[in-house]
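Residue numbers (the working numbering): 3 to 405.
Even for Gly, the Cβ is constructed at its ideal location relative to N, Cα and C.
As the structure is a prediction and not an experimental result, all values here were calculated from the model.
Before any comments, here is the structure.
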Ligand SMILES: Cc1ncc(COP(=O)(O)O)c(C=O)c1O
């Protein structure tokens, strides 16, 4: 992978702050954007800033073509069967909320999630219990944070209609065995929704090979614009869902008394869309696919191995989750006697090393474990081995001085 070449594409990596370049290790929160994405979005605003799918003039037609291209690009990324299986939304959170409203789950149905879900894959199911009388159950991970098939199987029953789980955890990077999990779920008659916020940007995803039912992810975590997300669903499943947001662009026709909905994806894309975002999405996906999703995954793992080795020598530091090989590009850690926010603030202050700290929207897991939060470094295509070393060295100095 041509990391120096990739870094050239990210303008913010070349602007010194207090005499030093920034070291951005917070991609699990949101990724940096290359100039190809920024240019694509600017192109929309400067060249053809009109409405797609409605107006028949040249600007409108250009937007429609670009949006179709973007959907096709995402179809290729996921190896979806049809572009109509790609729904443009705001983010992962909106995708999961959409499904919680439209799956038609009813009293007594069980939604099963893991024990390390982001609030966005927890609260919608908790709310549904009050709204529809469904039940929400959790199956626990192994003690080292890895996925437990045994614990999942123990929870299965005919009432489990949906298993909704982060394919890669933002809490510790641990990854579920996707194919096995889906097979087990389908044998039980359950649908599977992957929260792909931390997986789709970082590894090859083949929804047909996996036989995955639904997948939600956020484009801002994969070098694309903020405010863009995707819901993938098997076409027949999407076609059978209830409606969520409705209005202009989601209907074929209306009278004063009635309406006729369009079919997916339009059925779920009511109102004027984020056209610059959709066009920027296409550029981001193209950018990542040109590098290669498998290469990206391998590179992140190699950085994570270095980080894990170096951090393991720091006294009082515990890395959350299983070994480096199973944590993609995420290294989350706790330091005895130090507050995670202090660690993050000092790293930023002394070395421009930007990491995340706190509960990472995984409050339920931290509360259950009586832990106040963690610090988390996450690596992506623009990070270098040198940056990882600087991060580890600076962290070690901070621990020596402040712990
Ligand atoms: C695993 C996981 N799920 C869901 C989300 C929510 O993503 P968004 O805020 O883009 O909807 C995140 C964001 O950090 C995440 O890491």
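Bridge pairing for residue 241: absent [DSSP].
Excluding five sequence positions before and after residue 190, the CB atoms of its chain that fall closer than 7 Å to its own CB belong to 158 and 162, given in chain order. Residue range 180-189 is occupied by the alpha helix (DSSP H) that includes residue 182. Secondary structure note for residue 138: its beta strand (DSSP E) is the uninterrupted segment 137-141. Between residue 204 and residue 224, the alpha-carbon positions lie close to 8 Å from each other.
With a threshold of 7 Å, the Cβ atom of residue 200 counts as near ligand 1, since some heavy atom of the ligand is closer than that. Here the distance from the Cβ of residue 197 to the nearest heavy atom of ligand 1 is below 7 Å. The three-state secondary structure of residue 192, taken from DSSP, is coil.
Here DSSP, grouped into helix, strand and coil, assigns residue 3 to coil. Straight across, the Cα-Cα distance linking residue 176 with residue 262 is about 44 Å. At least one heavy atom of ligand 1 lies closer than 7 Å to the C-beta of residue 95. Taking one beta carbon from each stretch, the stretch 37-46 and the stretch 283-300 have 3 or more pairs nearer than 8 Å; the two touch.
Non-local beta-carbon contacts of residue 46 in its own chain, meaning distances under 7 Å to residues more than five positions away in sequence, involve 277, 278 and 281 in chain order. The DSSP-derived three-state label of residue 218 is strand. Taking the Cα positions, residue 394 is about 10 Å away from residue 401. With a cutoff of 8 Å on beta-carbon distance, residue 33 and residue 209 are scored as not near each other. Relative to ligand 1, residue 30 has its C-beta within less than 7 Å of a heavy atom. Shown here, residue 114 sits in a strand according to DSSP, grouped into three states. The C-beta separation of residue 337 from residue 322 comes to about 12 Å, leaving the pair out of contact by the 8 Å criterion.
Judged by their CB atoms, residue 94 and residue 196 are not nearer to each other than the 8 Å cut-off. Per DSSP, reduced to three states, the secondary structure at residue 97 is helical. Rounded to the nearest angstrom, the Cβ distance from residue 212 to residue 186 is 13 Å, too far for a contact under 8 Å.
Judged by their CB atoms, residue 379 and residue 348 are not nearer to each other than the 8 Å cut-off. Going by beta carbons, residue 267 and residue 86 fall inside the 8 Å limit.
The beta-carbon distance between residue 305 and residue 385, rounded to whole angstroms, is 6 Å. This is short enough to meet the 8 Å contact definition.
Cα atoms of residue 326 and residue 74: separation of roughly 34 Å, rounded to the nearest angstrom. Ligand 1 approaches residue 122 closely enough that one of its heavy atoms is under 7 Å from the residue's Cβ. In the displayed model, residue 68 falls within a helix according to three-state DSSP. Relative to the non-hydrogen atoms of ligand 1, the Cβ of residue 363 comes within a distance shorter than 7 Å of at least one. Taking non-hydrogen atoms of ligand 1 into account, the C-beta of residue 168 is found less than 7 Å away from one of them.
By the CB criterion at 8 Å, residue 132 and residue 111 fall outside the cutoff. Counting only runs of 4 or more residues that sit fully inside the stretch 269-311, the alpha helix (DSSP H) segments are 277-293, in chain order.
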